[in-house]
Amino acid sequence: MREKMRETMLQPGQDAALPRGGLEGIRSRMVVEMVQTLQTVLLRTGAEANDPVCVHKSFEIADLMAEERYGLVEYFTQKQIHEMLFCFRESALQILKCG
Numbered sequence: 060m061r062e063k064m065r066e067t068m069l070q071p072g073q074d075a076a077l078p079r080g081g082l083e084g085i086r087s088r089m090v091v092e093m094v095q096t097l098q099t100v101l102l103r104t105g106a107e108a109n110d111p112v113c114v115h116k117s118f119e120i121a122d123l124m125a126e127e128r129y130g131l132v133e134y135f136t137q138k139q140i141h142e143m144l145f146c147f148r149e150s151a152l153q154i155l156k157c158g
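Using the working numbering, the first residue of the sequence shown is number 60, and each one after it goes up by one.
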């Protein structure tokens, strides 16, 4: 699943031309990448260090995405939302492991 998310990220040496939609397209892409990356980093850090605080924070990103005032979910496609739900599932399972 994480492999698929990485495919959407700009890789070194890739053309950095503006995506369709200009600045709005860039904003959309960056918001999605930042949320995905933050969730991954927090989850992996928490799992490696057995740190329940990081693991809980990785799950709290779901609350940020759902918060209407931020409007983050509007930047995600339906497929990306499904991928994030899978990631939040991983966070929840890790929370259970950490206790």
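Where is the CB? At the ideal position from N, CA and C, for every residue including glycine.
C-alpha of glutamine 139 to C-alpha of glycine 158: approximately 29 Å in a straight line. Assignment of arginine 86 by DSSP, reduced to helix, strand and coil, places it in the helix class. Sorting Thr136, Cys113, Lys116 by C-alpha distance to the C-alpha of valine 90 places Thr136 at the top. Going by C-alpha positions, valine 132 is about 9 Å away from leucine 123.
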